[in-house]
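This report refers to the structure that appears directly beneath it.
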Amino acid sequence: MKYKVTLNGKTYEVEVEHGEAIIAAEYAAIAPSPKHTVSEAPSVKSTEKQAQKETSGSQTSGETVKAPIPGTVLKILATAGKDVKKGEVILILEAMKMENEILAPESGNLSAIMVSKGASVQTGDSLFTIS
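Using my numbering, the first residue of the sequence shown is number 2, and each one after it goes up by one.
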């Protein structure tokens, strides 16, 4: 099938062939860059680790999952203190009218949930910890 497409004021003739759809593995590389840059200072990270060591004693602190994008916590589907499996949906984060599933990166105990339903989060905010 042939189509005429106008892009930036210039018209192109495009031919579309039937075939198999291929999803690019590098989709993140073609996404628009964010308007702001968020970075974490090393001193903050080391302070958090020190605080976790002091409160947990000899236990390992586990992995803290951070918000990948700014948004609002729409639903919390898991309970702190329960065991979760890798890939299990822990919470739903709404951003730009889209619901984004935040998954457990590893199996373990959901030791803490740092947000509540309806909370606004920014990129890099701590959401939950799995130990």
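Glycine included, C-beta positions come from ideal geometry on N, C-alpha and C. Treat the numbers as computed from the prediction; the structure is a model and nothing was measured.
TODO: Identify every residue that forms a DSSP beta bridge with Thr7.
DONE: Thr12
Open item on the list: Excluding the 5 residues flanking Leu111 on each side, which residues of the same chain have their C-beta closer than 8 angstroms to its C-beta?
Closed with: Ala79, Thr80, Ala81, Gly82, Lys83, Asp84, Val85, Ile91, Ala105, Phe129, Thr130 and Ile131
TODO: Determine the closest residue to Lys3 out of Val15, Ala113 and Gly109, with distance taken between C-alpha atoms.
DONE: Ranking Val15, Ala113 and Gly109 by Cα distance to Lys3 puts Val15 first.
Task: Residue of Glu64, Ile114, Ile70 and Thr7 minimising C-alpha distance to Leu94 - done: Ile70
TODO: With DSSP as the reference, please indicate the residues paired to Met99 in a beta bridge.
DONE: Ala96
TODO: Quick one: measure Cβ to Cβ for Val74 and Ala113, integer angstroms, because I've assumed they're closer than 8 angstroms.
DONE: Incorrect: roughly 14 angstroms between the Cβ atoms, too far for contact.
- [ ] Leaving out five residues on either side along the sequence, give the residues of the same chain with a beta carbon under 8 angstroms from the beta carbon of Lys5.
- [x] Thr12, Tyr13, Glu14 and Val15
Open item on the list: Let me check understanding here. Comparing Cα to Cα, which of Ala96, Ile77 and Met97 lies closest to Glu89?
Closed with: Ile77
Open item on the list: Taking the straight line between their C-alpha atoms, what separation do you get for Thr124 and Gly20?
Closed with: 38 angstroms
Open item on the list: Going by beta-carbon coordinates alone, are Thr108 and Thr65 separated by less than 7 angstroms?
Closed with: First, the residue type needs correcting, since residue 108 is Ser and not Thr in the sequence shown. No; because the gap between Cβ atoms is not below 7 angstroms, this pair is not in contact.
Task: Helix, strand or coil at Ile70 [DSSP, three-state] - done: coil
TODO: State buried or exposed for Gly72, treating a residue as buried only when at least 16 other CB atoms are found within 10 Å of its CB.
DONE: buried
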